[in-house]
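Structure first, then comments.
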Amino acid sequence: MRAELEARGFVTVRLEDCEWAEQIAIFQEAKEVVAPHGAGLANLVFCAPGTRVVELFARDYVNPCYWRLAALGGLDYRAVVAPGAGEPREERTAKGTDILVTPAKVLAALAGG
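Residue numbers are given in the numbering used here: position 73 of the sequence shown equals residue 587, and the series is strictly consecutive.
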């Protein structure tokens, strides 16, 4: 999926490798954000209204907290729910499960589908 997104101009960012100010700048400048559900999406508060957000979920763990944050900021939010793989990293939930999502599903979400 990374190759398909990079062909569209996306840049892969590991937020844990970025300073706080750099994270803010990344989200302020983003026109589109594609990311798995996780704490880094709290940075959506820095996105401009209208920024398209595609959040990826394993179907056994869907949490709407960033959908709510996106709605408050006037962001164009879409969720992609796909099968999970492997064992979850937290007992009693599927939180931390790898997500088996196809590029076609993500590209369709970016296109508005």
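Yeah, the Cβ is synthetic: ideal placement off N, Cα and C, and Gly gets one too.
Among the options, which has the Cα closest to the Cα of residue i?
{"i": "residue 564", "options": "553, 546, 616", "result": "546"}
{"i": "residue 549", "options": "587, 594, 533, 599", "result": "594"}
Which stretch, first to last residue, makes up the beta strand (DSSP E) that contains residue i?
{"i": "residue 597", "result": "No beta strand (DSSP E) contains residue 597, which DSSP labels as neither H nor E."}
Go through its chain and collect everything with a Cβ distance to residue i's Cβ below 7 Å, but skip five positions before and after it.
{"i": "residue 544", "result": "561, 565"}
{"i": "residue 588", "result": "563, 564"}
Where do the ends of the alpha helix (DSSP H) carrying residue i lie?
{"i": "residue 527", "result": "It is not in any alpha helix (DSSP H) - residue 527 carries neither H nor E in the DSSP assignment."}
{"i": "residue 536", "result": "534-543"}
{"i": "residue 559", "result": "Unbroken run through residue 559: none, as it is neither H nor E."}
{"i": "residue 516", "result": "516-521"}
{"i": "residue 625", "result": "Residue 625 -> no alpha helix (DSSP H), and no H or E assigned at all."}
Might you give, ordered along the chain, the residues of its own chain that have their beta carbon closer than 8 Å to the beta carbon of residue i, omitting 5 neighbours on each side?
{"i": "residue 527", "result": "540"}
{"i": "residue 582", "result": "none"}
{"i": "residue 615", "result": "515, 570, 594, 596"}
Per DSSP, residue i forms a beta bridge with which residues?
{"i": "residue 568", "result": "548, 592"}
{"i": "residue 575", "result": "572"}
Can you tell me whether residue i is helix, strand or coil according to DSSP?
{"i": "residue 612", "result": "strand"}
{"i": "residue 606", "result": "The pLDDT assigned to residue 606 is 49, lower than 50, so where the model puts this residue is not dependable, and the model offers no usable value."}
{"i": "residue 554", "result": "helix"}
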